[in-house]
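Colleague: Sharing a structure here in structure tokens format.
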Amino acid sequence: MLKVLKFGGSSMADAVQFAKVKAIVDADPARRVVIVSAAGKRFKNDNKITDLLYLCHAHVQYGVACDSVFEMIRSRYLEIRDELGLATDLESEFDALRKKLDKGISQEELVSRGEYFAARLMADYLGFDFLDAELWLKFKLDGTVDQEVSYEKLQRAASGRCVVIPGFYGTMPDGSIKTFSRGGSDITGALAAAALDADVYENWTDVSGFLMADPTIVENPQPIEKITYAELRELSYIGAQVLHEGTIFPVREKNIPLNIRNTNQPDHPGTMIREAFDEQEELDQRFLTGIAGRKNFSVISITKNGMSSEVGILRKMLEILEKYNVSVEYIPSGIDHVSLVVVTEKVAPCLYQLMGELQKEIKPDKLHVIDNIAIVAAVGRKMAYKAGTSGKIFATLGENGISIRMITQGPEELNIIVGVDNKDYANTIRVLYDSFVKKGEKR
Ligand code: ASP
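FYI, this note's numbering numbers position 77 of the sequence shown as 77, with every residue one higher than the one before it.
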């Protein structure tokens with residue numbers, strides 16, 4: 001049994017958090033591979049080390065002295081080391097870094113040091129080996145990860161060992177350091193879990209998993225206990241703040257479960273993400289897994305008698321949108337009617353030309369645009385098996401005075417998507433949540 005763990009910045013913020021991480025790792029001998037982020041915020045207005053490193057580089061770039069920022073970074077790590085009573089020799093490393101900084105260091109190399117120092121300290125504290133990501137995480141010239149080479153190198157380097165790996169960076173073919181986009185330690189963790197065929201990838205953060213709805217809209221939403229990768233994709237596509245796509249694909253590809261956990265509440269099971277759950281596990285699964293949405297869509301509504309038998313008409317419409325580089329989010333349609341749902345911001349600059357072309361090429365009987373539309377998706381893998389689901393959703397919204405401007409459903413009946421006026425957005429989410437989750441209309 002092998003568990004690969006990734007700890008985010010808040011879990012690495014100070015000595016107290018380091019101690020929590022150690023307790024978690026020590027609690028299970030299967031937890032042998034640990035990936036860490038740079039130290040994050042200790043309190044609300046604190047600074048993240050990675051932000052300070054970017055700032056430090058900006059100072060150097062513009063010829064402004066960076067001593068005070070550099071010192072903030074250095075003292076954060078020295079403080080953690082001293083409070084934990086470790087003997088890690090960070091002074092000489094910081095001296096060397098300072099010299100390199102004066103000579104000229106790339107931004108990516110400098111910011112990667114946040115993870116590097118965090119991992120050095122954590123390795124000493126856990127009594128694990130430090131395994132630098134530069135030794136195994138290899139990028140190709142086009143900036144994508146060379147999975148084959150990286151996996152093989154990590155398998156060799158980590159086999160049979162307990163290791164701590166810095167997240168967020170790897171090396172280019174010329175040996176220079178390259179970082180992922182912000183938040184990229186999640187990707188390092190997922191790659192390590194996939195490379196080592198872990199039994200689970202535990203992603204430790206400061207929340208107990210995903211919530212069923214946005215907590216700024218719904219008061220105290222319930223956590224999502226189990227979610228499939230497909231559902232997660234639906235929710236994040238429509239706007240839920242969940243994991244970055246890049247995080248998911250390496251573990252999803254290998255069918256490795258991903259467990260989101262809370263370092264500050266280690267007994268909470270968090271959210272488990274898997275390709276599928278077995279029947280037994282599904283027994284207590286709710287009817288809705290989560291609700292998410294976004295505002296500010298436009299619906300281009302096209303009606304033409306006999307449209308459904310006109311070959312190629314949909315292609316013509318889509319080609320016009322393609323010409324203006326506008327992507328279509330959803331296409332709800334009826335026999336003689338098609339609606340094209342697009343992001344208002346993307347279509348606004350070319351709307352008049354685009355409508356003119358649709359008029360000319362399609363010759364519709366009716367053509368108009370409705371703005372200020374919000375899209376809300378109710379996602380749940382169990383919805384497909386329950387008759388009358390959509391009817392119930394529509395009735396509930398109607399009873400609450402919300403008029404539905406558009407309806408569409410995913411092909412696998414994983415989700416039901418409704419378009420409502422922007423002003424009804426929050427209320428739609430609340431009504432759906434209250435009627436399907438709170439009142440127990442769920443299992
Ligand atoms: N430290 C990096 C960041 O702040 C990467 C990470 O934490 O995942 O973006």
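Backbone N, C-alpha and C define an ideal beta-carbon position, used for all residues, glycine too.
Keep in mind it's a predicted model, so treat the numbers as computed, not measured.
Between the alpha carbons of residue 105 and residue 60, how many angstroms are there, rounded?
Modeller: 9 Å
Colleague: Run the proximity test for residue 76: is its beta-carbon closer than 7 Å to any non-hydrogen atom belonging to ligand 1?
Modeller: Checking the Cβ of residue 76 against ligand 1 gives no.
Colleague: Run through the DSSP bridge pairs and tell me what residue 419 is partnered with.
Modeller: 375 and 406
Colleague: How about residue 132: is its Cβ closer than 7 Å to a heavy atom in ligand 1?
Modeller: Using a cutoff of 7 Å, the CB of residue 132 does not count as near ligand 1, since none of the ligand's heavy atoms is closer than that.
Colleague: When the Cα of residue 367 is compared with those of 377, 351, 381 and 378, which residue comes out closest?
Modeller: 351
Colleague: Quick one: give me the first and last residue of the alpha helix (DSSP H) that residue 57 is part of.
Modeller: For residue 57, the uninterrupted alpha helix (DSSP H) run begins and ends at 49-61, by DSSP.
Colleague: Kindly provide the ranges of any beta strand (DSSP E) runs that are 3 or more residues long and lie completely inside the region 72-137, ordered along the chain.
Modeller: Taken in chain order, the complete beta strand (DSSP E) segments of 3 or more residues contained in the region 72-137 number zero; there are none.
Colleague: Would you tell me roughly how many angstroms separate the C-alpha atoms of residue 432 and residue 140, rounded to the nearest one?
Modeller: 46 Å
Colleague: Short of 6 Å in beta carbon distance, which residues of its chain neighbour residue 225, apart from the five on each side in sequence? Order them along the chain.
Modeller: So no residue of the chain qualifies.
Colleague: Using a threshold of 7 Å, is the CB atom of residue 38 nearer than that to any non-hydrogen atom of ligand 1?
Modeller: yes
Colleague: If you run the structure through DSSP and keep just helix, strand and coil, what is residue 414?
Modeller: coil
Colleague: Over the uninterrupted beta strand (DSSP E) stretch that includes residue 224, give me the two end residues.
Modeller: That residue, residue 224, is in no beta strand (DSSP E); it is neither H nor E in DSSP.
Colleague: Decide if the region 371-378 is in contact with the region 411-424; the criterion is three or more beta carbon pairs, one per stretch, under 8 Å apart.
Modeller: Judged by Cβ distances under 8 Å, the region 371-378 makes contact with the region 411-424, as three or more pairs qualify.
Colleague: Where does residue 383 fall in DSSP's three states?
Modeller: helix
Colleague: List the residues that DSSP assigns as beta-bridge partners of residue 337.
Modeller: 303
Colleague: Measuring alpha carbon to alpha carbon, tell me which residue in 143, 341 and 287 is nearest residue 294.
Modeller: The residue from 143, 341 and 287 with its alpha-carbon nearest to that of residue 294 is 341.
Colleague: Would you report the Cα separation of residue 8 and residue 2, rounded to the nearest angstrom?
Modeller: 20 Å
Colleague: Where does residue 272 fall in DSSP's three states?
Modeller: It is a strand residue.
Colleague: Taking all protein chains shown into account, decide if residue 57 is buried (16 or more other Cβ within 10 angstroms of its Cβ) or exposed.
Modeller: Buried, by the Cβ-count rule.
Colleague: Under the criterion of a Cβ to heavy atom distance below 7 Å, does residue 50 qualify as lining ligand 1?
Modeller: yes
Colleague: Return the chain-ordered list of same chain residues with a C-beta closer than 8 Å to the C-beta of residue 464, the five sequence neighbours on each side being excluded.
Modeller: Any property of residue 464 remains undetermined from this structure, which presents the chain solely from 1 to 443.
Colleague: Touching or not, the region 158-173 and the region 211-227, by the rule of three or more beta carbon pairs under 8 Å?
Modeller: Here the region 158-173 makes no contact with the region 211-227; the two share fewer than three CB pairs at distances below 8 Å.
Colleague: Just to confirm, are residue 406 and residue 327 a CB contact at a threshold of 8 Å?
Modeller: Taking C-beta atoms as the reference points, residue 406 and residue 327 fail to come closer than 8 Å.
Colleague: Kindly indicate which three-state DSSP category residue 281 falls into: helix, strand or coil?
Modeller: helix
Colleague: Less than 7 Å separating the Cβ of residue 115 from some heavy atom of ligand 1?
Modeller: Within the cutoff, so yes.
Colleague: Residue ranges of each alpha helix (DSSP H) run of no fewer than 4 residues wholly in the region 167-205, ordered along the chain?
Modeller: DSSP runs (the alpha helix (DSSP H)) wholly in the region 167-205: 185-195.
Colleague: Let me know the secondary structure DSSP gives residue 427 once reduced to three states.
Modeller: helix
Colleague: Assess contact between the region 35-51 and the region 75-93, defined as three or more Cβ pairs (one per stretch) separated by less than 8 Å. Is contact present?
Modeller: yes
Colleague: How is residue 288 classed by DSSP in three states: helix, strand or coil?
Modeller: In the displayed model, residue 288 falls within coil according to three-state DSSP, outside both helix and strand.
Colleague: Quick check on DSSP: helix, strand or coil for residue 210?
Modeller: coil
Colleague: Have a look at the DSSP bridge pairing and note the partners of residue 163.
Modeller: 33 and 129
Colleague: Just to confirm, does residue 182 get its C-beta within under 7 Å of one of the non-hydrogen atoms of ligand 1?
Modeller: yes
Colleague: At a cut-off of 7 Å, is residue 185 close to ligand 1 when judged by its beta-carbon and the heavy atoms of the ligand?
Modeller: yes
Colleague: For residue 259 and residue 354, what's the separation of their Cα atoms in angstroms?
Modeller: Near 45 Å, if we compare the C-alpha coordinates of residue 354 and residue 259.
Colleague: In chain order, what residues of the same chain lie with their CB nearer than 8 Å to the CB of residue 442, ignoring the 5 residues before and after it?
Modeller: Confidence in residue 442 is poor, its pLDDT being 44 and thus under 50, which makes the residue's placement unreliable; the coordinate value appears in the next sentence. Same-chain partners within the cutoff: 286, 287, 288 and 436.
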